[in-house]
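Heads up: the sequence shown begins at 1 in full-length UniProt numbering, then just goes up one per residue. Cβ atoms here follow ideal geometry from the backbone N, Cα and C, with glycine treated the same way. Owing to the predicted nature of the structure, the values given are computational and were not obtained by experimental measurement.
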Amino acid sequence: MCAVQLTGRNFLVKINANIGNSAVSSSVEEEVEKLQWSTMWGADTMMDLSTGADIHETREWIMRNCPVPVGTVPIYQALEKADGIAENITWELFRETLIEQAEQGVDYWTIHAGVLLRFIPYTAERLTGIVSRGGSIHAKLCLLDHEENFAYRMWDDILDICAEYDISLSIGDGLRPGSIADANDYAQFSELAVQGELTARAWERGVQVMNEGPGHVPLHKIQTNMDKQLDWCHEAPFYTLGPLVTDIAPGYDHITSAIGAATIGAAGTALLCYVTPKEHLGLPNRDDVKTGVISYKIAAHAADLAKGHPFAQKWDDALSKARFEFRWNDQFNLALDPVTARSFHDATLPHESSKAAHFCSMCGPKFCSMAITQEVREYAAANPMPELTPEDAEKGMKEMSQKFKEAGKEVYSEDYNKEA
Numbered sequence: 001m002c003a004v005q006l007t008g009r010n011f012l013v014k015i016n017a018n019i020g021n022s023a024v025s026s027s028v029e030e031e032v033e034k035l036q037w038s039t040m041w042g043a044d045t046m047m048d049l050s051t052g053a054d055i056h057e058t059r060e061w062i063m064r065n066c067p068v069p070v071g072t073v074p075i076y077q078a079l080e081k082a083d084g085i086a087e088n089i090t091w092e093l094f095r096e097t098l099i100e101q102a103e104q105g106v107d108y109w110t111i112h113a114g115v116l117l118r119f120i121p122y123t124a125e126r127l128t129g130i131v132s133r134g135g136s137i138h139a140k141l142c143l144l145d146h147e148e149n150f151a152y153r154m155w156d157d158i159l160d161i162c163a164e165y166d167i168s169l170s171i172g173d174g175l176r177p178g179s180i181a182d183a184n185d186y187a188q189f190s191e192l193a194v195q196g197e198l199t200a201r202a203w204e205r206g207v208q209v210m211n212e213g214p215g216h217v218p219l220h221k222i223q224t225n226m227d228k229q230l231d232w233c234h235e236a237p238f239y240t241l242g243p244l245v246t247d248i249a250p251g252y253d254h255i256t257s258a259i260g261a262a263t264i265g266a267a268g269t270a271l272l273c274y275v276t277p278k279e280h281l282g283l284p285n286r287d288d289v290k291t292g293v294i295s296y297k298i299a300a301h302a303a304d305l306a307k308g309h310p311f312a313q314k315w316d317d318a319l320s321k322a323r324f325e326f327r328w329n330d331q332f333n334l335a336l337d338p339v340t341a342r343s344f345h346d347a348t349l350p351h352e353s354s355k356a357a358h359f360c361s362m363c364g365p366k367f368c369s370m371a372i373t374q375e376v377r378e379y380a381a382a383n384p385m386p387e388l389t390p391e392d393a394e395k396g397m398k399e400m401s402q403k404f405k406e407a408g409k410e411v412y413s414e415d416y417n418k419e420a
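If you want it as structure tokens, here you go:
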């Protein structure tokens, strides 16, 4: 039984971690280890995005070991069942896959039902085309038979399955922008409008819904995404991949995306899908997963601070107080990543006695601003200045005014400045 996660813009911002094998890398053991690593460092939900062999078995082991809600993209397993040939995927095969996963205990699905036939031509002039794997599969199926996306046509049937098995939906953004150049284009927002329609229909059937969002979006275009989603999708929870705010940093996209994630989280996004340093480069390993989770816990917490969540501020205040009072162990324990904080400190001051020191190796014992501030406060407490009354202040102002007049009333008078 997994923990229930309250997801919505009025709650703490949550984060999702993606794991899953590929056709060229990873094993069940590695994916379970990544799952354990992700949840240990704070992932609120998981998605198994396996696209390699043994998808069912991999998911089974993930489900058995996962303490948080697990989501999937069912079209991936449908493609595996079709031997990797998209044109062999039928509604019947897809429905069979949904029921198989539902009976296995999957908590939510990403289904790209908003990728409509009429929107696909608008991606032709994009710099990076369709970058969603699920979106590209549905687009290919639409074009092969020149008929509407079966996920859209059979939406009511999908809702029946969700209602029967109590599965939530994450309506996929199959036409999300995969580059800054393509952000906020017609194809992206057309799909978002359809997501709003599908959301309303799901709610009528008692099915819980999130809307997925981009993607690659420069900072000045992020707020528009949030505004349109709230308006068109009836304030359903928004679930975004970043967004990445620039395309130029392969190997550091956990940073480029965390910037966008904090921004859109502060604006109202409910769930942030992490990005690891391996994004666009390869399948992440355990350490990449940790880096992605920590980056997104920072982004989510920054968003909570911006939204004025009281717990967020109390956490910061507690750590800052421990820092100012040189309570090193408390500072480590309050940190988002206590292991890294402690190891960085101990790399240069490893002795246990250093945990009582009023300095670190950055400033040393003579230049620590916080230690100096404490000394100033102690001196002021021991040598209090006499209380200054309004009359005393008025008298002092008159004395200085008289000195100014006697010095010739010149601002830059050498005699006056020397006395002052």
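The three-state secondary structure of His-216, taken from DSSP, is strand.
Per DSSP, the continuous alpha helix (DSSP H) segment holding Lys-81 begins and ends at 74 to 81. Per DSSP, the beta-bridge partners of Ile-15 are Leu-272. Annotation note: the region 256 to 335 contains the following uninterrupted alpha helix (DSSP H) runs of length 4 or greater, listed N- to C-terminal: 286 to 307, 310 to 324, 328 to 334. In the three-state DSSP reduction, Val-70 falls in the strand class (E or B).
Sequence-distant partners of Glu-87 (beyond 5 residues in either direction) whose C-beta falls short of 6 Å from its own C-beta, in its chain, are Leu-144. Nearest to Cys-368 by C-alpha distance, out of Phe-359, Leu-169, His-254, is Phe-359. The Cβ atoms of Asp-48 and Ile-19 sit closer than 8 Å to each other.
Per DSSP, Phe-119 lies in no beta strand (DSSP E) and is assigned neither H nor E. Non-local beta-carbon contacts of Thr-246 in its own chain, meaning distances under 7 Å to residues more than five positions away in sequence, involve Ile-180, Thr-256 in chain order. A Cβ-Cβ distance of about 2 Å is found for the pair Gly-174 and Gly-135, placing them in contact under the 8 Å criterion.
Contact annotation, Ala-335 with Ala-302: C-beta distance approximately 15 Å; criterion of less than 8 Å not satisfied. Counting every other CB atom within 10 Å of its CB across the protein chains shown gives Ala-347 a total below 16, marking it as exposed. Closest in C-alpha terms to Asp-287, from the list Glu-33, Ser-22, Val-13, comes Glu-33.
Residues Pro-277, Leu-281 of the same chain have their beta carbon placed closer than 7 Å to that of Gly-251, with the five preceding and five following residues left out of the count. When rounded, the separation of the alpha-carbon atoms in Leu-244 and Tyr-296 is 12 Å. Cβ-Cβ separation between Lys-290 and Trp-37: approximately 6 Å, consistent with a contact (criterion under 8 Å).
The beta carbon of Pro-214 is closer than 8 Å to those of Asp-173, Arg-176, Pro-177, Ala-183, Gln-188, Asn-225, Thr-240, Leu-241, Gly-242, Pro-243 in its chain, skipping five residues each way along the sequence. For Ser-26, the three-state secondary structure derived from DSSP is coil.
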